[in-house]
Each structure stands twice: as C-alpha cells, then as structure tokens.
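First the structure, in the form of structure tokens, and then the observations on it.
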Amino acid sequence: MSEATIVELLKRLDQATTRLETVEKSLAAAASSAPAGSSPAGAAGPSAAAVKEFQNLVDQHIAPFVALSKKLAPEVGAQVDELVKAIDAEKNLINTASQSKKPTQDTLLELIKPLNTFAAEVGKIRDANRSSKFFNNLSALSESIGFLSWVVVEPTPGPHVAEMRGSAEFYTNRILKEFKGVNQDQVDWVSHYVNFLKDLEKYIKQYHTTGLSWNPKGGDAKSAAPAAPSSTPAAPAAPAVTAPVESKKGPGLGAVFGQLSQGDGVTSGLKKVTNDMKSKNFTDKSSVVKASETKVTKVDTPSRPPVFALQGNKWAIEYQVNNKEIIIAEPDSRQTVYIFQCVNSLVQIKGKVNAITLDGCKKTSIVFENAISSCEVVNCSGVEIQVTGRVPSIAIDKTSGCQLYLSKDSLETEIVSSKSSEMNVLIPGATENDDLVELAIPEQYKTSVKNGKLHTESTSHI
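Mapping the sequence shown onto the UniProt record's numbering, position 181 (from 1) lands on 181, and the numbers just tick up by one.
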C-alpha cells in the first residue's frame, strides 16, 4: 500500500470520526431537553413495536369475539365487555413499560390495579348466571382470566398463558362437543378466544421472553401511566374485570389471579381400605357411601341460603351444609344435576339423569345410578363419588381429594383428571365377598424426548 493511499484512508477516518461526534452531541442535547418521563429518541423502538403488535392481536381476535358474544347471549356479551376493559388496561401497561424503567414492586402493584379491578367482574358475572344455558362460555372466560397476569410473571410468562388456555379448554371442549355442526357461532367463539391465547403466547415469547419488557433508558413508570383506562378501539367500551393479586418478595412477582391446587405428594393421599369399607361387611350392598357414616364437621360454610329445586331441566343443589337427606327420586333422563358449594352433605340420585356436576364442594358425597353423558368434579376437596350403574366418563379438574367407587357395570368408565391430587378409584373384588380394590390415579409423570417427539408416562407408586 502506497503512502498516498494511507494518507487518504486516515483522512476519511478522521472525517467519519468528526461526523460521529457531531451526531453524539445532537443526541445528548435532545435527551437533556426532553421532558421528564420521556425516553430518548430511538430507545423505545422495539417496545413501540410490542405495543403495536399487541393491538394487532386485539384487532384480529377480540373485536370479532365481542360481536359473537353479544350475538350469543346478553350475559356472555356483558362478561366479554369486562374482558375488553381488562385487555385495554393491559395494553396501557405495556405502553407504559415501553416508556419507563422497571418500577418497584409497590409501584407495579399500583399500575396493575385497573387490570385486577376489571378482571374480578368476569368471575362475578359467571357466578350470577349459573342457571344460564351459556354457563360453559362464562366458565371458559372466568377460569382462564388469569392469563392477564403474565405481565407480572417472571421468568417464563409464556407458559403461564398456555396454562390458563388449558383451563379455558376444559370448557371450550364441551362447547365444541355440543355445538360443532349445530351452531357455527359457538364454534367461531371458541376459535377466536383459543387462538387469541395461542397467539398471545407467541407474542410474549417474541417481545417479553422473560417478563414484561421495560425501557432501561425510560422515565418514571408512575408518571407515564395513564390516569384512567381508555376504551379499546377494536371493540365497544365495556364494564370492568378484577382478581386478587399475590405478590412475592424476591426476584419477581408470582401469578396474580389464583393458584393451582397441589397435593402434598404422589402417595400422601392414599387411604387404607378399612373393615367398614369392605363389601362383605355391608348389610346393604347397594351403596358404599353411607349417610350415617359421614360425620358432621366444622368447615367453611356458605353464607347464602340453601337451594334444592328443579330449574327447567336442571336440578340445582346449592349451599347445602350438613344435609344428608338430599334425594332426587325418579328423575327424567333429560335432566342434569348441578351441585354447587355444598359442605359435608350427601346427594342421592335414584334413577337416570343426563349429566352431573360437582362444583366447589367440600366433604360432599354423591351416590347415583346412571348418567348418560358424564359426571364432572371441579374445584372440590374431599369428595366421594359412587356410581351403582353406568356412566361413560368422569372428569376431575382442580380437585384435592376424590374417592371414586365404581360398580361392576361401570368398570369401562373413562376417568380424565387435570390439576388434581389425592385421587383413588375403588372397584369391586373378584366376588361379592372380596374386599374392594383401591387404585391410585397417577399424579406424577415422566416426559422424555424420543425421535423428536415427547413421550410421557406415569411414574409408579411405591
């Protein structure tokens, strides 16, 4: 390389350095003159994209979801209105984060108050409409509203949304089973909501991989936050939504809107079959669950008056406490039975019904002959279920402590469990004089990758 070439290169390098210094001075001057709470030019680029992409999700899924909800039923429309306000509050928080440094936990709790306030109404609307024909729709939203709390989950907010989607699908699958090929609006309603949660999980993995992305060069979060939530452009203005917040001291905040019920261990819930449980010692072999055997215990009791009534085609049994004389005699096979927040009670169904649901019950037992569709146990603890005839399936969700007594005619019953613990199935022995055989439903699973696919199997109980 000639000396002239080297001189020319040094001259160009000096010019480039001068231009860079000029740009740096201009940026510094702009930052110093910017108002408090604003972010330097260009600092919020990726964060601004996150706000825009979140709005795209709302436009794509939530706007048509609102229209379908209002078309289905007034109560569903009202509940989704509350969801809209919650999503709008979350969008405001994402926008605040794009302009602000990460705040203290106390400040963050203040920022998510609108979100919490809006989310609770979703559950209230469901509880106020338990006799609604659209109860599965209402439950799908109320059971999964916790997806909103991904903004305070670290370091894996994406899987949290997936978990909440699983809670919704417990009910959306029922909707699809009932309305697929019958009511396309219901099918589309499920599709928009489930796909929104799926796309939200992808969005979080792209823009908020380990938690809500804050702007390290931004201003004060409290100053940047809007004074009040504004209406979402993608959908009509709506009522509100709330849920309790649980904060954790340490590196991050925990989930906000509820926790999964967990067992103490794989084998802690197993119970010994005692002499009084053996079939050979029963004088009346038609029932294992006895009214006289259930002790009256002091537990948290419902504050509302008890209900035992036929409402249309649904038997409503609610808020019963220490009642061992609840008997449904000769029901119609088209009728369903819904047992809600009963404590230390016994329900007997003498005949065939369409379906049975236990929701939020404690230390409650049910004995029934036949169910055409299913028996479902949700959010319960310490319950006993005995079928003396047949039932195609039994579903257990978010339940701690469930004893299932199957008859010889119901040994082909399918049992589906999720997020539950301490579950045992008792089946008859080889002969009437043999002891009941107790089998534990697995609670632990081992997953491995084989040939590019996940292989899951239950672990053995020791």
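The beta carbon of each residue, even a glycine, is placed where N, CA and C say it ideally should be. For clarity, every value in this text was computed on a predicted model and none was experimentally measured.
| query | result |
| --- | --- |
| DSSP state of ASP359 mapped onto helix, strand, coil | strand |
| Buried or exposed by the 16-neighbour rule on C-beta atoms within 10 Å, applied to ASP88 | buried |
| Inter-residue Cα distance where the pair is GLN335 and ALA78 | 28 Å |
| Range covered by the beta strand (DSSP E) that runs through ASN129 | Here ASN129 belongs to no beta strand (DSSP E), and DSSP marks it neither H nor E. |
| Span separating the alpha-carbon of ASN354 from that of ALA67 | 32 Å |
| Which of helix, strand or coil DSSP assigns to GLU443 | coil |
| Buried versus exposed call for ILE125 [16 or more other C-beta atoms within 10 Å across all chains shown] | buried |
| Cβ-Cβ distance between LEU346 and ILE326 below 8 Å | yes |
| Continuous alpha helix (DSSP H) stretch holding GLU457: start and end | Per DSSP, GLU457 belongs to no alpha helix (DSSP H); it is in the beta strand (DSSP E), 453–458. |
| Beta-carbon proximity of LYS398 to ASN370, cut-off 8 Å | no |
| 6 Å CB neighbourhood of LYS408 in its chain, flanking five on each side removed | PRO428 |
| Helix, strand or coil at PHE135 [DSSP, three-state] | helix |
| Beta-bridge partners of TYR338, as assigned by DSSP | ALA316, THR357 |
| Environment of LYS91 [buried if 16+ CB atoms lie within 10 Å] | buried |
| Spatially closest choice to ALA140 from LYS113, PRO155, ILE175, by CA coordinates | ILE175 |
| Neighbourhood of SER448 by C-beta distance below 6 Å, restricted to the same chain and skipping five residues each side | HIS455 |
| Chain-order list of residues whose beta-carbon lies under 7 Å from that of ARG390 (same chain, five-residue window excluded) | ASN370, ASP409, SER410 |
| Close beta carbons around GLY144, own chain, < 8 Å, minus the five adjacent residues each side | Checking the sequence shown, residue 144 turns out to be Ser, not Gly. The answer, listed in chain order, is MET164, ARG165, SER167, ALA168, LEU197. |
| Alpha helix (DSSP H) segment containing GLY158, residue limits | 157–179 |
| THR62, DSSP secondary structure in three states | Rather than Thr, the amino acid found at residue 62 in this sequence is Ile. Three-state result, ILE62: helix. |
| THR107 versus PHE134, CYS380, SER223, GLU384, residue with shortest Cα-Cα distance | SER223 |
| Bridge partner(s) assigned by DSSP for ILE372 | Per DSSP, none; premise fails for ILE372. |
| Contacts around PRO442, its chain only, beta-carbon distance under 6 Å, and the 5 residues preceding and following it disregarded | SER458 |
| Of the residues CYS342, CYS380, ASP332, GLU330, the one placed nearest PRO305, counting alpha carbons only | CYS342 |
| Nearest neighbour of LEU93, chosen from ASN136, GLU75, ALA48, VAL80 [CA to CA] | ALA48 |
| Selection from ILE394, HIS61, GLN403, SER374 that minimises the alpha carbon distance to LYS362 | GLN403 |
| Helix, strand or coil at LEU197 according to DSSP, with G and I counted as helix | helix |
| Cα-Cα separation, CYS380 to SER418 | 13 Å |
| Same chain, Cβ closer than 8 Å to SER374, neighbours up to 5 away in sequence not counted | ALA355, ILE356, VAL391, PRO392, SER393, ILE394, ALA395 |
| As assigned by DSSP and simplified to three states, the class of LEU346 | strand |
| Nearest to LYS205 (by Cα), restricted to the options GLY218, VAL194, GLY158, GLU178 | GLY158 |
| Distance CB(ASN137)-CB(VAL76) smaller than 8 Å | yes |
| Identified DSSP bridge partners for CYS380 | According to DSSP, which records beta bridges pairwise, CYS380 is partnered with nothing at all. |
| For ASP435 and LYS70, the rounded distance between their alpha carbons | 55 Å |
| Under the three-state DSSP convention, the category SER407 falls into | coil |
| Nearest-angstrom Cα separation, counted from GLU82 out to LEU192 | First, the residue type needs correcting, since residue 192 is His and not Leu in the sequence shown. Roughly 17 Å separates the two Cα atoms. |
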